[in-house]
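Below: the structure, in C-alpha cells.
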Amino acid sequence: DTGVSQDPRHKITKRGQNVTFRCDPISEHNRLYWYRQTLGQGPEFLTYFQNEAQLEKSRLLSDRFSAERPKGSFSTLEIQRTEQGDSAMYLCASSPGLATNEKLFFGSGTQLSVL
Amino acid sequence: GEDVEQSLFLSVREGDSSVINCTYTDSSSTYLYWYKQEPGAGLQLLTYIFSNMDMKQDQRLTVLLNKKDKHLSLRIADTQTGDSAIYFCAEMAPGRGGYNKLIFGAGTRLAVHP
Chain A
1 DTGVSQDPRH
11 KITKRGQNVT
21 FRCDPISEHN
31 RLYWYRQTLG
41 QGPEFLTYFQ
51 NEAQLEKSRL
61 LSDRFSAERP
71 KGSFSTLEIQ
81 RTEQGDSAMY
91 LCASSPGLAT
101 NEKLFFGSGT
111 QLSVL
Chain B
1001 GEDVEQSLFL
1011 SVREGDSSVI
1021 NCTYTDSSST
1031 YLYWYKQEPG
1041 AGLQLLTYIF
1051 SNMDMKQDQR
1061 LTVLLNKKDK
1071 HLSLRIADTQ
1081 TGDSAIYFCA
1091 EMAPGRGGYN
1101 KLIFGAGTRL
1111 AVHP
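Same order as they appear, the protein sequences are chains A and B.
Quick note: the first sequence, position 71, residue 71 per my numbering, numbers continuous.
Quick note: the second sequence, position 88, residue 1088 per my numbering, numbers continuous.
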C-alpha cells in the first residue's frame, strides 16, 4: 500500500479553463475527503464521501466545483471556469472509517495555479 | 462554530525542546490531532489524544491537553533540524451523515537552527 495518491502534482491553467484532479485513496478506506489549502493557512474542508455517497459539501464549494467518487474507490474534483482565487493546494485524504477516531491520511496534494 | 488557533512561528535551537500551542473551541471534540507538513508535501499524522486524557507521550513527542481551557500543546524533545516543518493542530468536529471531519488551525512554522 503506497498511501493516498494524487494526480497531477502541479497544474498550471489559464483563467476560464476547466481542470480535473484525481485522488486514489488507501485501498479499503471507505471515507474520502477533499480539503483546500492556501498559502499560510491550514487545510479547509471542501467535501466528504462515504463510499460513493457525497454526504457533505462546504459552502466553499461553489457551483463551479464538482466532486465524484463513482465506484467508491478513486475520486475526482473538477473546477469549471477557473478563477485566480482558485489557486491553492488541493489535498485529498482517506480514512478507514472507524467511528470514533477519524484518522485522516493525506496525499501530497495537487498545486493549482490559475494565471 | 469550530475554530482552531495557533501561534504562527517558533524558532528553537537544535537540541532544545519545542513547545507548540493550540486553542480550540468545540468542547465536544473527542479527539485532537497534531499533523506535520514539510515543504511541498501533504500532511503527516504525528499523534493524537483522546479528550479524556491529560497527556500522551510518544517517543520525543508529548501532547498535553487542558480540556477546561481548551488548550492543546505539542512538545518535541531534543529538536532536530529534520523537525523543521509546519505543525497543524486539528479538532474533530461533527459532520453530516454521522461522520466526523477535522478542523485545522493555520499552522505553526517551526524553524530549528544550529
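Note that beta-carbon positions come from the ideal geometry of N, C-alpha and C, so glycine has one too.
Which term fits residue i, buried or exposed, when burial requires 16 or more other beta carbons within 10 angstroms of its beta carbon?
i, result
"B/Thr1108", "buried"
"B/Val1068", "According to the sequence displayed, residue 1068 of chain B carries Lys and not Val. When all chains shown are included, B/Lys1068 counts as exposed."
"A/Leu60", "exposed"
"A/Asp86", "buried"
"A/Pro25", "buried"
"A/Ala53", "exposed"
Using beta-carbon positions only, say whether residue i and residue j come within less than 8 Å of one another.
i, j, result
"A/Trp34", "A/Leu104", "no"
"A/His29", "A/Pro70", "no"
"B/Cys1022", "B/Leu1064", "no"
"A/Gly72", "A/Val4", "no"
"A/Arg31", "A/Thr110", "no"
"B/Tyr1031", "B/Phe1050", "yes"
"A/Leu112", "A/Pro43", "no"
"A/Cys23", "A/Gln6", "yes"
"B/Gly1105", "B/Gln1044", "no"
Whole angstroms is fine: what's the gap from residue i's alpha carbon to residue j's?
i, j, result
"B/Tyr1087", "B/Leu1110", "7 Å"
"B/Leu1046", "B/Trp1034", "6 Å"
"A/Arg36", "A/Thr47", "10 Å"
"A/Gln84", "B/Arg1060", "42 Å"
"A/Ser62", "A/Thr82", "11 Å"
"A/Thr149", "B/Thr1062", "Since the first residue of chain A shown is 1 and the last is 115, residue 149 of chain A is not available in this structure."
"B/Ile1103", "B/Lys1036", "15 Å"
"B/Asn1052", "B/Ser1027", "12 Å"
"B/Ser1084", "B/Arg1075", "14 Å"
"B/Glu1038", "A/Arg64", "30 Å"
"A/Gln17", "A/Ala88", "16 Å"
"A/Leu55", "A/Leu115", "32 Å"
Just confirm the distance between the C-beta atoms of residue i and residue j, as a whole number of angstroms; I'd bet it's less than 8 Å.
i, j, result
"B/Thr1079", "B/Val1012", "5 Å"
"A/Ser58", "A/Phe45", "5 Å"
Taking only beta-carbon atoms, is residue i less than 8 Å away from chain B?
i, result
"A/Asn101", "yes"
"A/Glu56", "yes"
"A/Arg15", "no"
"A/Pro96", "no"
"A/Tyr90", "no"
"A/Pro25", "no"
"A/Arg31", "yes"
Taking Cβ positions only, does residue i come closer than 8 Å to chain A?
i, result
"B/Asn1100", "yes"
"B/Met1092", "yes"
"B/Phe1104", "yes"
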